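Below is one structure, written out as structure tokens, with a few remarks after it.
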Amino acid sequence: MKIKNTSLSLVLLLVFSCSKKSPEVDVAQVELNKAQDLWRSKGFDSYSYTQTRFCFCLPKELGPHKLTILNGVIVSVNGEAFDASIHQGYLNINDSFEYIINKLENDPEEISLEFDSTYGFPTDVFFDMSLMIADEEIRLTFTDFNPSTEN
22 MKIKNTSLSL VLLLVFSCSK KSPEVDVAQV ELNKAQDLWR SKGFDSYSYT
72 QTRFCFCLPK ELGPHKLTIL NGVIVSVNGE AFDASIHQGY LNINDSFEYI
122 INKLENDPEE ISLEFDSTYG FPTDVFFDMS LMIADEEIRL TFTDFNPSTE
172 N
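Taking the numbering used here, the leading residue of the sequence shown gets 22, the next gets one more, and so forth.
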């Protein structure tokens, strides 16, 4: 009897230790899917919002930065015409969902996600990919959302 219990314990240990994702990632994925469905149901392609980055980054990258999106494309940052060679790391809402998906696929050690209850877009996103590495954590906030009727 003791050998059977030990064998069963070993099998269960192997099964659970081979799991790629932590339970926290699974929960975050469910929340993300609900929020993304809500965002898609609203059908906004044009809007503005403020993106702020909290990380070990250059001060100019931190923000806050006011983004204007028309037809799903960022057209301005802080009132200045968007230029991909200058304005790097800015996300429209759809890109912010992709950013979250990519981070979740890499099984972060710490996650915090908050979404707007009315529109579904992310409002606060935090990832610490490794608790053993300093200064690689990143938090993004998305505030001052203003849907636009322009298309």
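Glycine included, every Cβ here is placed at the ideal spot set by N, Cα and C.
Here the structure is a predicted model, which means the values were calculated and not measured.
Beta-ladder partner(s) of residue i, from DSSP
i: Asn123; result: Answer is none; Asn123 lacks a bridge partner.
i: Gln72; result: His86 and Phe163
i: Val146; result: Leu134 and Leu161
i: Ser97; result: Thr89 and Ala102
Integer Cβ distance of residue i from residue j, believed to fall under 8 angstroms
i: Ile95; j: Phe103; result: 5 angstroms
i: Leu88; j: Tyr70; result: 6 angstroms
i: Leu53; j: Ile121; result: 6 angstroms
i: Gln72; j: Leu161; result: 7 angstroms
i: Pro143; j: Phe166; result: Going by Cβ atoms, the distance from Pro143 to Phe166 rounds to 10 angstroms, so no, they are not a contact pair.
Where residue i sits in the DSSP three-state scheme
i: Asn167; result: strand
i: Ala102; result: strand
i: Asp116; result: helix
i: Ser62; result: helix
i: Asp128; result: coil
i: Gln109; result: coil
i: Lys55; result: helix
Proximity test, residue i beta-carbon vs the ligand FAD heavy atom, cut-off 6 angstroms
i: Phe103; result: By its list of ligands, the structure shown contains no ligand whatsoever, and the ligand FAD lies outside what it can speak to.
**Asked** Can we say the stretch 115-131 touches the stretch 139-150, given the rule of at least three CB pairs closer than 8 angstroms?
**Response** A contact exists between the stretch 115-131 and the stretch 139-150.
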